[in-house]
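Let me begin by presenting the structure, written as structure tokens, before commenting on it.
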Amino acid sequence: MNDNAEKSLESYRSFLLLSEIAGEEPLSQREISRRLGIAVGLVNSYLKNLVAKGYVRVKNFPSNRYAYLLTPQGLAEKSRLAYQHLTYFTNLYTVARQDYLALFRRLEAAGVREVVFCGVDEVAEIAYLSLRETGIKLVAVLDDERAGAEFFTHRVVSPAAWYKGTSATVVLTSMKRREQLEAVVTRLGIAKEDIFRPGSLAAQEEP
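Here the sequence shown stands for residues 894 to 1100, where the numbers follow the numbering used here.
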């Protein structure tokens, strides 16, 4: 990852942390880690940095729980980062919407009638909107970290609980954990040619 991409990722994670903290509910670092999908050690590092900059203060609660509260400077920084990332998310939505729609139309033209989503985050929601513009049916949604949650009309299940040894067309629908999830379903026995991401079909069709 180059320096610009690393700085952009750090900025985005800081924005997510500030947004979670804005709720002012007592949260453990482990809970913040679960909500944001990043390691506890990273949460600790980012929080220390935000406290040092004066954006966050810590309030103690019983049972070793804490409330991380935004300072006035933290509120201002959150607003600044929100504006900074607005353009990024607008571009992400547009590009992801087009890419997934192109993928689903190619799959539909190839005779695919059902797909399984693997990965649940903001990109999965965009993929679902694109899927609804085709005749393909979503039959399952997989994500070991979100098992039990609701995704539109589906309940999310872990890949291991879902897999019964039958073939399926799996579409990777997480931007943050795409490689990790691909490795998970590959280990289960899903053939690589049955696992798709935006652009993967086009790459396969090149001579």
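Heads up, the beta-carbon is just placed ideally off N, CA and C, and yes, glycines get one too.
Could you name the residues that DSSP lists as bridge partners for residue i?
i	result
His-1047	Phe-1044
Asn-953	Tyr-959
Glu-1007	Lys-1030
Phe-1089	Val-1064
Roughly how many whole angstroms lie between the Cα atoms of residue i and residue j?
i	j	result
Leu-910	Pro-1052	28 Å
Glu-1018	Ala-1061	20 Å
Leu-1024	Phe-1045	13 Å
Ala-969	Trp-1055	45 Å
Val-1063	Leu-1022	17 Å
Lys-1069	Glu-1075	12 Å
Leu-1094	Thr-1059	Because Leu-1094 carries a pLDDT of 41, less than 50, the predicted location of this residue cannot be relied on, and the following value inherits that uncertainty. Going from the Cα of Leu-1094 to the Cα of Thr-1059 covers about 22 Å.
Ala-1084	Val-1008	14 Å
Thr-980	Thr-987	11 Å
Tyr-939	Glu-913	13 Å
Gly-1102	Leu-1065	In the structure as shown, the chain begins at 894 and stops at 1100. Residue 1102 is therefore absent and cannot be evaluated.
Lys-952	Leu-985	36 Å
Ala-945	Tyr-976	23 Å
Arg-1080	Leu-1000	23 Å
Sorted by chain position, which residues of the same chain lie with C-beta nearer than 7 Å to residue i's C-beta, five sequence neighbours on each side aside?
i	result
Arg-1006	Ile-1029, Lys-1030
Arg-998	Thr-1027
Gly-947	Thr-964, Gln-966
His-978	Tyr-905, Phe-908
Val-1078	Cys-1011, Pro-1052, Val-1063, Ile-1088
Ala-915	Leu-963, Lys-971
Near residue i, what residues of its chain come up, given a Cβ to Cβ distance below 6 Å and the 5 sequence neighbours on each side ignored?
i	result
Ala-1042	Val-1049
Gln-1097	The predicted model places Gln-1097 with a pLDDT of 35, which falls under 50 and marks its position as unreliable; any figure quoted below should be read in that light. So no residue of the chain qualifies.
Val-936	Gln-922, Ile-925, Ser-926
Ala-1003	none
Helix, strand or coil: how does DSSP classify residue i here?
i	result
Leu-920	coil
Val-1064	strand
Got a sec? Which residues, its chain only, sit under 8 Å from residue i by beta carbon, not counting five neighbours each side?
i	result
Glu-1072	none
Arg-990	Ile-1019, Leu-1022, Ser-1023
Ile-931	Arg-906
Does the beta carbon of residue i come closer than 9 Å to any beta carbon on chain D?
i	result
Val-1005	The displayed structure is made up of one protein chain only, and chain D is not part of it.
### Query
Is the segment 1028-1038 touching the segment 1001-1017, taking contact as three or more C-beta pairs under 8 Å?
yes
### Query
Would you call the segment 958-977 and the segment 912-930 touching, i.e. three or more CB-CB distances under 8 Å?
yes
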